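Colleague:
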Amino acid sequence: MDVKDACDTLKDLNEMSRTVGAEPEDESKVCGVRVPTQEELAATAANNWKSAYQSAAEALGRPIILPKVSWDDLKKQACAMAGTVSPICP
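Using the numbering used here, you'd call the opening residue of the sequence shown number 331 and step up by one each time.
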């Protein structure tokens, strides 16, 4: 369920609550949430990759072990994807 669906659902529930005389929930907690764009999320992950990696590992319930990558390993992977790119991948 995305934020818009959650907001719409909460509005519907609040309408039903008012009909039966119950106290409605605060819609601003859900409907007032600003959802970041894909670009903002990608930039945050790129700029804070270590934090993003740790958060993902915690969410999955796996130990937080950051990979150690050497320049040669990185170069090998990049060159395999990019092909011959001078001067990195001769």
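Beta carbons are placed, not taken as given, at the ideal position from N, Cα and C, and that holds for glycine. All values derive from a computational prediction rather than experimental measurement.
At the level of alpha carbons, what is the spacing between Ala387 and Pro393?
Modeller: 6 angstroms
Colleague: Measuring straight from C-alpha to C-alpha, what distance separates Met346 and Thr339?
Modeller: 11 angstroms
Colleague: Which one of Cys337, Gly413, Asn344 has the shortest CA to CA distance from Cys361?
Modeller: Residue Cys337 is the option with its Cα nearest to Cys361.
Colleague: Following the continuous alpha helix (DSSP H) through Thr339, name the residue where it begins and the one where it ends.
Modeller: Counting along the chain, the alpha helix (DSSP H) containing Thr339 begins and ends at 333-349.
Colleague: Comparing C-alpha positions only, which one of Trp401, Pro366, Pro397, Asp332 sits nearest to Trp379?
Modeller: Pro397
Colleague: Could you check how far apart the C-beta atoms of Lys341 and Glu357 are, in whole angstroms? I think they sit under 8 angstroms.
Modeller: Between Lys341 and Glu357 the beta-carbon gap is near 6 angstroms, inside 8 angstroms, which marks them as a contact.
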